[in-house]
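Visitor: Below you will find the structure I want to go over with you.
In my numbering, the protein residues as written are 1433 to 1700.
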């Protein structure tokens, strides 16, 4: 895996912070080796953090939270607080998360909001996303969610779509569901598929509906395929439209399987 290789090269060069970030990235991409290496690199990161490196401290806090058991929680708190006090946005966001959830510290939502705001103002997109969950002003919350989404956070786009839907801004909501779906958010895939099926925020479009049901399946969620079968059984979509949905989903095999199952091997 590229991220593991990047981490090894950084480690060989003595850049333990870069190595740690690469190993964490690999772990987030599903690499068990990356998770193991991220845990190991703490030995090298601790002296850096204790010597005043806020970036090493923030990285350590995240690793202790994600890849160690509860016995490491006091260390996570220590390093997250140090990084936050140093003004590092990643540390502010991590320590804010601990405060809002009461994870290893006494819950303090007001302080957490202050930290999330500081992180967001420092350019941390997850800080903006977290702050959006806490502010009372709905317009500010929408702005924060859009900021986080435009920085690439898929879940922020999905939550933004939910908020816009609640305000009956359906066309905008569908756009953000599709945006989040394109970035792998399965809940947004399901929402987009159902909205295209039912004509929320758009005229009904069974091709786009089945497309997103197929993509859900490719991401390990089989619920959508039952909806696709119902559309085909009801005659809402024909074989060629199913093939187009499969093409758009990048999964022509799923289309042929649905056709064979419901339409008798390709009946138009």
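We treat Cβ as the ideally placed atom computed from N, Cα and C, and that holds for glycine.
1) Grouping DSSP H, G and I as helix and E and B as strand, with all else coil, what is residue 1519?
2) Buried or exposed for residue 1475, going by 16 or more other Cβ atoms inside 10 Å?
3) DSSP state of residue 1532, grouped into three classes?
4) Out of curiosity, what's the CA-to-CA distance linking residue 1683 and residue 1628?
5) How would you label residue 1579, buried or exposed, when you count the other beta carbons within 10 angstroms and need 16 or more for buried?
6) Excluding five sequence neighbours on each side, which residues of the same chain lie with their C-beta closer than 6 Å to the C-beta of residue 1673?
7) Between the alpha carbons of residue 1637 and residue 1583, how many angstroms are there, rounded?
8) DSSP three-state call for residue 1634: helix, strand or coil?
9) Just to confirm, are residue 1664 and residue 1644 a CB contact at a threshold of 8 Å?
10) Taking the alpha carbon of residue 1653 as the reference point, which residue from 1679, 1496, 1634, 1617 has its own alpha carbon closest?
11) Under 8 Å by Cβ, that's how I've got residue 1532 and residue 1491 pegged, so tell me the actual separation to the nearest angstrom.
12) With residue 1433 as the anchor, note down where its alpha helix (DSSP H) starts and where it stops.
13) Within the chosen definition, does the region 1454 to 1465 reach the region 1475 to 1487 through at least 3 CB pairs nearer than 8 Å?
14) Out of 1447, 1603, 1501, which has the shortest C-alpha to C-alpha gap to residue 1479?
15) Can you tell me where the alpha helix (DSSP H) with residue 1589 in it begins and where it stops?
16) Just to confirm before moving on: does the CB-CB distance between residue 1477 and residue 1439 stay below 8 Å?
17) In this structure, how does DSSP classify residue 1463 when only helix, strand and coil are distinguished?
Guide: A quick look at the data gives this:
1) coil
2) exposed
3) helix
4) 19 Å
5) buried
6) So the list reads 1639, once near-sequence residues are dropped.
7) Taking C-alpha positions only, residue 1637 is separated from residue 1583 by approximately 29 Å.
8) coil
9) No. Outside cutoff.
10) 1617
11) Contact check for residue 1532 and residue 1491: beta-carbon distance about 21 Å, past the 8 Å limit, so the pair fails to qualify.
12) Careful: residue 1433 lies outside any alpha helix (DSSP H) and carries neither H nor E.
13) Output reads no: the region 1475 to 1487 does not touch the region 1454 to 1465.
14) 1447
15) 1586 to 1598
16) Not closer than 8 Å, so no.
17) coil
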